[in-house]
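Structure record follows, encoded as structure tokens.
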Amino acid sequence: GDSVTQMEGPVTLSEEAFLTINCTYTATGYPSLFWYVQYPGEGLQLLLKATKADDKGSNKGFEATYRKETTSFHLEKGSVQVSDSAVYFCALSRGSYIPTFGRGTSLIVHP
Amino acid sequence: GAVVSQHPSRVICKSGTSVKIECRSLDFQATTMFWYRQFPKKSLMLMATSNEGSKATYEQGVEKDKFLINHASLTLSTLTVTSAHPEDSSFYICSAAGQGAFGSYNEQFFGPGTRLTVL
Numbered sequence: 001g002d003s004v005t006q007m008e009g010p011v012t013l014s015e016e017a018f019l020t021i022n023c024t025y026t027a028t029g030y031p032s033l034f035w036y037v038q039y040p041g042e043g044l045q046l047l048l049k050a051t052k053a054d055d056k057g058s059n060k061g062f063e064a065t066y067r068k069e070t071t072s073f074h075l076e077k078g079s080v081q082v083s084d085s086a087v088y089f090c091a092l093s094r095g096s097y098i099p100t101f102g103r104g105t106s107l108i109v110h111p
Numbered sequence: 001g002a003v004v005s006q007h008p009s010r011v012i013c014k015s016g017t018s019v020k021i022e023c024r025s026l027d028f029q030a031t032t033m034f035w036y037r038q039f040p041k042k043s044l045m046l047m048a049t050s051n052e053g054s055k056a057t058y059e060q061g062v063e064k065d066k067f068l069i070n071h072a073s074l075t076l077s078t079l080t081v082t083s084a085h086p087e088d089s090s091f092y093i094c095s096a097a098g099q100g101a102f103g104s105y106n107e108q109f110f111g112p113g114t115r116l117t118v119l
């Protein structure tokens, strides 16, 4: 079945550092890929998405490129801020199939 | 993007009582709603999928008689935790997926979550 694997956290960085959170997936066909962010005490918010191979999703300085050859959708940001501290979830969805989420990666950014 | 609300945001109840959590899609028609439970180490567990006007589909291991889900309209789904016990304390999150202007089944819009504490 479908699966999403994220790197274990927490990821701890200093402000203005470069961020990468790895995400790889297993799925048949051509899934859509998503990154969601969850701030403390809140629900999940869609951060960015990509619906086909080589698409790049971007939002709020975050980027992720849909790499079908490596079945990856790594999240990157060039310069993180304290306000980026949150839990990040990678997810995939195939048409009418129920979306599959990774286990989430905590990001902690220190001033 | 679409807005999904949950009510209440936080509830504390005594063991043995029932608690109802509402999930509303405010600006689109949600043909499908999902209920998740989030455990302390942040992983999301899908509890059930509900389609408007039909019975919910529960994931394996989720007691349907304990977690009653009703999706009576295209904008409202409710989760009732019956005879709640301390082990039911958790963060419950709903999400909604619709068709049309605000997206396809692929994309879910999440509510802010409900923190349930059972004493």
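Residue numbers (this note's numbering), protein chains in the order written: chain E, 1 to 111; chain X, 1 to 119. Beta carbons: idealized from backbone N, C-alpha and C, even for Gly.
Closer than 7 Å by beta-carbon distance: list the chain X residues that pair up with Phe-101(E), in chain order.
-> In the first sequence, the residue the question calls residue 101(E) occupies position 101. Proximity of chain X to Phe-101(E) at the Cβ level (cut-off 7 Å) is accounted for by Leu-44, in chain order.
Inter-residue Cα distance where the pair is Gly-78(E) and Gln-45(E) = Counting from one through the first sequence, the residue named residue 78(E) turns up at place 78. Counting from one through the first sequence, the residue named residue 45(E) turns up at place 45. Computed Cα separation, rounded: 21 Å.
By Cβ distance below 8 Å, which residues in the same chain neighbour Pro-130(E) in space, the five residues on each side in sequence not counted?
-> Any property of residue 130(E) remains undetermined from this structure, which presents chain E solely from 1 to 111.
Assuming Val-109(E) contacts Ser-85(E) (C-beta within less than 8 Å), just tell me the rounded distance between them.
-> As a first step, residue 109(E) is located in the first sequence; it is residue number 109 there, counting from the start. As a first step, residue 85(E) is located in the first sequence; it is residue number 85 there, counting from the start. 5 Å between Cβ atoms; contact.
List the DSSP bridge partners of Ala-7(X).
-> Against the second sequence, residue 7(X) aligns to sequence position 7. First, the amino acid is wrong: residue 7(X) is His here, not Ala. The partner list for His-7(X) (beta bridge, DSSP) reads Glu-22(X).
How long is the line joining the alpha carbons of Cys-90(E) and Ser-106(E), rounded to whole angstroms?
-> Here residue 90(E) refers to the residue found at position 90 of the first sequence. Here residue 106(E) refers to the residue found at position 106 of the first sequence. When rounded, the distance between both Cα atoms is 12 Å.
Report the residues of the segment 77-93 of chain X with a CB closer than 7 Å to any CB of chain E, ordered along the chain.
-> Ile-93
Is it the case that the Cβ atoms of Leu-76(X) and Phe-67(X) are separated by a distance below 9 Å?
-> Working through the second sequence from its first residue, we reach residue 76(X) at position 76. Working through the second sequence from its first residue, we reach residue 67(X) at position 67. Their beta carbons are not under 9 Å apart, which means Leu-76(X) does not touch Phe-67(X) by this criterion.
Name the residue from Ala-27(E), Glu-76(E) and Thr-51(E) whose alpha carbon lies nearest to the alpha carbon of Glu-16(E).
-> Position 16 of the first sequence, counted from the first residue, corresponds to residue 16(E). Closest option to Glu-16(E), Cα to Cα, is Glu-76(E).
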